[in-house]
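According to this note's numbering, the sequence shown is numbered sequentially starting from 1.
Cβ coordinates follow ideal geometry from the N, Cα and C atoms, glycine included.
Report on the following structure.
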Amino acid sequence: MRGRIRSAGPLDPGAGLLVVSGLFVWLSRKLPGTVSAFLAMPDEVDLSSLFERLPGWRWVLPRVEPDGSLTFRDREVGREVHRFGMEQPSDQGPVVPVHEIDVFLTPGLAFDEGGGRLGRGGGFYDRILAERRSLTDAVGVTVESRVVPTVPMLAYDQRVEWLATESGVRRCSPTS
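So, in structure tokens, the structure goes:
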């Protein structure tokens, strides 16, 4: 499934702008807090315009550490390119604890309506989402063409509660 989705290439920027517009509306209904976003790869939705549209929020970005863990830094920290090819915050400034994050905008190659997420295979977000506070929202950020009938899930895989696509932000339907 990963290979098939990766072969589809970059996302349509117009669809990405619609996803961002829906996220703006959804986040605007909440009290400002700390949001984990991400710096998009070509096959992910570019969230960078949200930073300026919601200036009262604290934006943090993921960093893959040398030991394979995922940490978060304020978005103003300088950037570097990780060996996996994605841009990330450099190793500067304090690490933002997971329990301080209110919303996780979560990338993925594909999602299903039950909140199943197909990541890139490293388990970074599965480990982080397992550590978050119980009332924290995890939002899968994608386009409708990457919402599939079923994402294969293992026991340690974490689900998202919301999907953000060009159709808007909707709650996932939990599976039994």
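Report all residues from its chain with a CB closer than 6 Å to the CB of residue i; omit the five preceding and five following residues, and keep chain order.
i, result
"E65", "T71"
"I101", "T34 and S36"
"V103", "V35 and D137"
"M86", "M41"
What are the start and end residues of the alpha helix (DSSP H) that includes residue i?
i, result
"S7", "Unbroken run through S7: none, as it is neither H nor E."
"W57", "Here W57 belongs to no alpha helix (DSSP H), and DSSP marks it neither H nor E."
In this structure, does DSSP put residue i in helix, strand or coil?
i, result
"E36", "One detail in the question is off: residue 36 reads as Ser in this sequence, not Glu. Note: S36 maps to strand in three-state DSSP."
"A15", "helix"
"S176", "Residue confidence is low: S176 scores 45 on pLDDT, short of 50, so the model does not pin down where it sits. Its coordinate-derived value is still stated next. Three-state result, S176: coil."
"V20", "helix"
"L70", "strand"
"V25", "helix"
"E100", "helix"
Could you tell me which residues DSSP puts in a beta bridge with residue i?
i, result
"V139", "L105 and W162"
"F111", "R117 and V147"
"G168", "T165"
"V81", "E87"
Leaving out five residues before and five after residue i in sequence, what residues of the same chain have Cβ atoms less than 7 Å from its Cβ?
i, result
"S176", "Any reading at S176 is ruled out, since the residue's pLDDT is 45, under 50, leaving its predicted position unreliable."
"R171", "E161 and W162"
Excluding the 5 residues flanking residue i on each side, which residues of the same chain have their C-beta closer than 8 Å to its C-beta?
i, result
"L11", "P42, D43, E44, V45 and V143"
Between which two residues does the beta strand (DSSP E) carrying residue i extend?
i, result
"E131", "Counting along the chain, E131 falls outside any beta strand (DSSP E), though it belongs to the alpha helix (DSSP H) covering F124 to E131."
"V95", "Premise fails: V95 is in no beta strand (DSSP E) and is neither H nor E."
Segment contact flag, the segment 130-146 with the segment 2-19, C-beta cutoff 8 Å, min 3 pairs: yes
Sufficient close CB pairs (3 or more, under 8 Å) joining the segment 124-141 to the segment 156-165: yes
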